[in-house]
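Line by line, the protein sequences are chains A and B.
All the letters of the first sequence, read from the start, carry residue numbers 0 to 561 under numbering that gives the first Met the number 0.
All the letters of the second sequence, read from the start, carry residue numbers 0 to 561 under numbering that gives the first Met the number 0.
For each residue, glycine too, the CB sits at the ideal point set by N, CA and C.
Since the model is a prediction, treat every value here as computed from it, not as a measurement.
Report on the following structure.
2 protein chains.
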Amino acid sequence: MNINPSISYPASEKIYVSGKINHIRVGMRRINLTDTVFIEHGQERHEQNPPVVVYDTSGSYSDPATAIDITKGLPRLREAWIAGRNDTEQLSQFSSRYAGERLADHASGAMSFPVVHLPRRAREGKAITQMSYARQGIVTPEMEYVAIRENMLNGEAGIPTHITPEFVREEVAAGRAVIPANPNHPEAEPMIIGSRFLVKINTNIGNSALSSGMEEEVEKAIWSCRWGGDTLMDLSTGDHIHETREWIVRNLPVPIGTVPIYQALEKVNGDIGALTWDIYRDTLVEQCEQGVDYFTIHAGLLQAHLPLVKSRTTGIVSRGGSVIANWMTLHGKENFFYSRFEEICRILKQYDVAVSLGDGLRPGCIRDANDAAQFAELSVLGKLTLTAWKHHVQVLIEGPGHVPMHRIRANMDEQLKHCHGAPFYTLGPLATDIAPGYDHITSAVGAAQIAWYGTAMICYVTPKEHLGLPDREDVRAGVIACKIAAHAADLAKGHPGSQLRDNALSKARFDFRWKDQFNLSIDPEKAAEYYHASRIAGENDHCTMCGPHFCAMKLSKQCINR
Amino acid sequence: MNINPSISYPASEKIYVSGKINHIRVGMRRINLTDTVFIEHGQERHEQNPPVVVYDTSGSYSDPATAIDITKGLPRLREAWIAGRNDTEQLSQFSSRYAGERLADHASGAMSFPVVHLPRRAREGKAITQMSYARQGIVTPEMEYVAIRENMLNGEAGIPTHITPEFVREEVAAGRAVIPANPNHPEAEPMIIGSRFLVKINTNIGNSALSSGMEEEVEKAIWSCRWGGDTLMDLSTGDHIHETREWIVRNLPVPIGTVPIYQALEKVNGDIGALTWDIYRDTLVEQCEQGVDYFTIHAGLLQAHLPLVKSRTTGIVSRGGSVIANWMTLHGKENFFYSRFEEICRILKQYDVAVSLGDGLRPGCIRDANDAAQFAELSVLGKLTLTAWKHHVQVLIEGPGHVPMHRIRANMDEQLKHCHGAPFYTLGPLATDIAPGYDHITSAVGAAQIAWYGTAMICYVTPKEHLGLPDREDVRAGVIACKIAAHAADLAKGHPGSQLRDNALSKARFDFRWKDQFNLSIDPEKAAEYYHASRIAGENDHCTMCGPHFCAMKLSKQCINR
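Pasting the structure below:
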């Protein structure tokens with residue numbers, strides 16, 4: 000692979016904060032600022048501006064002290080914690096038939112990740128999910144890690160914060176928050192998804208049968224972490240899904256999700272009629288042992304719901320949902336994700352893979368929003384939540400879709416009513432259908448609102464949504480639009496310390512500390528590029544937008560100081 | 000000028016709908032669609048899709064039957080209506096000293112617009128504003144025009160609609176809606192700004208002392224109408240303001256706004272201390288007679304408010320506000336916009352120029368949102384509204400700024416409480432400070448919400464906001480992001496017929512009528528470009544996003560039809 004994955008942010012340092020309970024250190028990004036310079040009584044004076052510490056999703060890629068080698072994978076951060084718990088065992092081989100075949104297949108050898116890590120699984124009778132630990136009152140290193148991470152040193156900066164390791168434990172125990180943490184993905188830094196924490200964003204990558212090679216996918220995966228992606232779903236549907244995912248998992252510092260039915264369907268060459276529980280089950284085990292941290296499973300879409308879809312404008316727009324709907328129709332049987340759900344949970348609990356209950360009937364257009372089909376499925380997801388929790392399996396609930404603004408709140412309310420507090424994870428919602436090419440924006444409009452109302456994680460949408468596969472620049476645009484929505488929601492929810500960065504950036508703006516302004520922004524490169532495109536050499540106290548006479552901030556200063 | 004201003008939209012026709020009361024015809028855009036083709040009982044069947052009529056801001060530029068010549072200006076649509084009312088007189092010369100000087104100045108002759116139209120003004124004792132007509136019970140051609148325009152043939156399409164000419168009259172009479180309609184800008188098509196009508200968007204153009212020539216400004220002005228700008232503010236602050244504006248006004252099919260203090264300040268070479276009422280007054284008259292339809296006047300920012308600004312992070316960020324604040328501080332006198340407000344109204348009423356009461360103290364960052372300074376000014380704007388209405392002068396109220404989502408509603412509530420129902424016109428609000436380079440998105444997030452709550456017009460923000468002057472592509476990105484917010488709000492407010500376009504586009508999407516989908520979108524070119532970038536020749540029933548096996552819509556159809 001010919002990728003340079005190192006990430007550097009301007010004027011930023013990687014810092015680590017140590018745990019107090021466990022032997023852990025949590026990476027963060029500290030943005031260093033220049034002084035405010037002003038004239039007082041004819042003298043030039045300097046006022047220091049404290050650095051701003053921000054949440055960092057880039058893992059070791061932004062740490063110059065860590066040697067990065069894509070062919071070896073990231074450092075296995077959590078390996079010792081997991082081994083230390085002594086409740087998992089390393090298997091001598093992969094349990095999945097398919098994984099064994101791939102390992103033996105020399106034809107795909109050239110594409111295989113060079114290092115083989117044998118899988119870990121719960122020992123017989125052991126409950127190894129973060130939820131089970133939390134329910135037992137154990138504060139795991141993962142829990143302390145996310146508590147430190149969410150705080151961003153706010154406590155030390157004097158900002159009151161409720162986020163303690165014990166608070167994290169309580170939230171995970173109650174099912175109100177999820178820490179995706181498959182022992183087979185020890186490279187991932189722990190993070191938490193729950194409405195009382197920072198709003199998280201998920202990015203999607205993945206090739207389809209039609210495009211996008213493996214190298215490009217790995218590069219896009221790291222690129223998405225660079226811009227702020229908190230989790231990543233690999234939605235590949237083409238060739239070499241297994242090998243591509245291995246490269247991604249081993250090099251990904253954030254949890255990874257998949258929709259296992261995609262790969263299962265590829266295994267039967269797209270013939271939905273040929274799909275069987277056995278193939279699906281083997282795919283689940285294959286991916287559990289590879290290190291996937293959460294699975295989207297469309298277990299709430301039932302035969303009884305299908306008639307409700309007929310009057311829709313855009314039918315079923317969930318890929319997984321449409322596959323299982325066809326399977327049910329072809330076989331005249333109930334959704335096997337539903338009928339086998341307990342069996343699924345028994346697999347997932349052995350690897351602490353969270354289930355993200357998919358909304359196969361999410362509305363694909365404004366007209367279909369909040370209809371009987373959508374809400375019928377949502378109430379089934381609520382019932383499945385209790386089943387999963389019985390097995391200590393962590394649960395996310397997926398949500399729409401396309402929803403006009405005045406119907407967004409009802410989505411959150413219905414989810415709260417039916418799903419027992421499990422975190423909501425939504426795609427958008429897109430607030431109108433009429434803007435293909437700009438759906439990262441229609442999505443940001445809706446996502447900011449639903450996140451403010453309590454959605455814990457929002458899925459990015461790129462400008463290519465509805466039109467084609469995103470390229471690198473689309474991924475950047477999608478992550479940033481989503482990040483804007485998430486951060487706007489954090490501000491509206493009053494998350495501790497989330498406004499520090501806004502305040503620091505605005506002070507820099509008012510001080511004409513342009514570089515500090517750029518460095519504090521979510522895309523320093525873009526901000527600097529736009530500024531320099533029209534800047535005048537040597538003049539720093541105004542920009543071309545207003546020119547020298549009309550810079551309000553300059554005039555405002557004169558007025559205040561007069 | 001070397002500009003090709005013609006506008007064509009794919010698969011679209013310019014249509015005209017005639018008035019029933021007045022001899023008028025209202026231009027609209029009809030998007031023609033292809034048939035839905037499907038197989039039934041082995042036979043190919045066609046189902047017609049009715050065309051979709053959409054609101055059109057492009058004026059004659061999109062009418063192939065109108066010859067366009069930038070050096071002659073647009074057809075003077077409203078000239079006969081205005082003359083027919085017999086309450087204005089055409090003057091034999093310009094009343095403003097400055098306008099007279101410019102006309103006599105042969106040095107600027109090369110830049111001057113080739114045709115001189117002598118100005119019209121109210122005859123002595125005549126009240127000529129749309130508000131005064133409305134209060135007298137007169138339904139003007141302008142009122143009937145906007146009623147037809149807002150309806151987009153919804154009544155004929157069977158959609159119930161409350162928008163009649165009489166309804167328009169009532170709203171204008173009550174001050175809840177504004178029809179900017181200076182008799183000296185008869186080229187502009189009437190449009191209405193009010194919370195019970197479609198949400199409108201304003202675009203800003205204008206050179207600063209540092210950039211952007213006249214030709215570029217005219218081109219950007221027409222370009223903004225192409226993408227959906229409803230009004231345009233010329234915020235020029237550099238050289239040749241008068242001549243540039245003349246070119247723009249004569250070629251602009253939408254109302255134009257300005258901030259007259261900008262030009263007044265240029266007349267004294269940026270020396271705020273040298274600004275006088277006399278210079279400002281002459282500038283008002285100059286611009287009234289040139290055809291500006293509304294003026295932003297920062298009349299609510301008082302001496303008493305200045306101490307409230309000192310604790311802010313970003314002080315005063317309104318350009319006009321910072322100028323008048325400095326003037327007050329320098330002279331130790333009250334804001335002359337305020338003290339002379341009745342005199343200002345007496346000028347404006349003679350030309351039916353609306354006043355847009357500027358929010359000189361709008362917050363420039365999240366931390367300053369909804370502070371005492373901002374709300375103190377807002378309540379003064381409410382008092383000034385009553386003064387303006389006494390003179391039948393139409394009023395808009397300007398609003399923020401930077402506001403976190405949970406504080407947006409309070410802005411709308413305060414405005415409703417203090418401003419007697421006058422339409423609210425906001426810049427953003429931007430829901431976070433941390434995204435320079437993407438502030439069209441942070442603005443869309445906030446603007447969609449405040450427009451849903453009742454704001455009548457939202458001002459676009461381009462990706463270059465805070466960084467530099469926008470170029471053509473930035474104008475496009477800014478208009479479209481703003482249009483998304485406005486349309487999302489129309490949907491949420493249930494504006495009659497606004498969902499028709501969403502429904503038609505989504506049906507096209509489900510039918511794989513790709514071209515119809517693009518043609519119905521707000522940027523057909525961008526949608527097509529993204530699609531074709533990754534499309535596979537000959538395959539039309541899926542895109543690269545999902546590939547052939549995983550197209551949910553294709554699978555959904557199979558399932559529904561099975």
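Candidates the options: closest to residue i by CA position
i      : options                        : result
G154/B : P495/B, L251/B, Q302/B, S520/B : P495/B
C344/B : K382/B, G363/B, K389/B, D515/B : K389/B
N181/B : A503/B, G420/B, L356/B, Y293/B : Y293/B
W80/A  : N21/A, K348/A, P428/A          : N21/A
K332/B : T312/B, L305/B, K309/B, L347/B : L305/B
R24/B  : R119/B, R148/B, A121/B, T236/B : R148/B
C224/A : K482/A, E100/A, D501/A         : K482/A
V480/A : Q89/A, R471/A, I521/A          : The residue asked about is misnamed: residue 480/A is Ala in this sequence, not Val. Among Q89/A, R471/A, I521/A, the Cα nearest to that of A480/A is on I521/A.
Y15/A  : K125/A, L385/A, Y144/A, E46/A  : Y144/A
E342/B : W276/B, H239/B, M404/B         : W276/B
L466/B : R471/A, D229/A, A527/A, V308/A : A527/A
P185/B : W226/B, P118/B, R122/B, N201/B : P118/B
T202/B : G400/B, P469/B, E524/B         : P469/B
Residue interval of the alpha helix (DSSP H) (run including residue i)
i      : result
H405/B : Run containing H405/B: none; DSSP gives neither H nor E here.
I30/A  : Here I30/A belongs to no alpha helix (DSSP H); instead the beta strand (DSSP E) covers 24-30.
T312/A : It is not in any alpha helix (DSSP H) - T312/A carries neither H nor E in the DSSP assignment.
V444/A : 438-452
G381/A : 371-389
M190/B : First-last for M190/B: undefined, no H or E at that position.
Q606/B : With chain B represented from 0 up to 561, any question about residue 606/B goes unanswered, as that position is not in the structure.
Counterpart residues of residue i in DSSP-defined beta bridges
i      : result
L356/A : I296/A, I396/A
T202/A : L231/A
L426/A : C458/A
G256/B : M232/B, Y293/B
F37/A  : R44/A
E12/B  : R29/B
S17/B  : R24/B
A176/A : G193/A
Cutoff 8 Å: residue i Cβ touching any chain B Cβ
i      : result
V478/A : no
G467/A : yes
A491/A : yes
C458/A : no
D370/A : no
S210/A : Summary for S210/A: the model assigns pLDDT 48, below 50, so the residue's position carries little reliability; its value from the coordinates is reported in the next sentence. Yes, its Cβ sits closer than 8 Å to a Cβ of chain B.
P185/A : no
M27/A  : no
Residue-chain proximity (residue i, chain A), Cβ-Cβ < 8 Å
i      : result
S310/B : no
Q47/B  : no
S486/B : Per the sequence presented here, residue 486/B reads as His, with Ser not at that position. Closer than 8 Å to some Cβ of chain A, the Cβ of H486/B qualifies, so yes.
Q498/B : yes
T313/B : yes
G290/B : no
N502/B : yes
M404/B : yes
P435/B : yes
V316/B : yes
F549/B : yes
Residue i, enclosing beta strand (DSSP E) - first and last residue
i     : result
I67/B : Here I67/B belongs to no beta strand (DSSP E), and DSSP marks it neither H nor E.
V51/B : 51-53
Contacts of residue i in chain E (Cβ-Cβ under 8 Å)
i      : result
K199/B : Of the chains in the structure shown, none is chain E; the protein chains are A and B.
| In chain order, which continuous runs of the alpha helix (DSSP H) of length 4 or greater are located wholly inside the stretch 74-142 of chain A? | 78-84, 96-103, 129-134
| query | Can you give, in chain order, each stretch of the alpha helix (DSSP H) that sits fully within the stretch 139-165 of chain A and has at least 4 residues? | reply | 140-150
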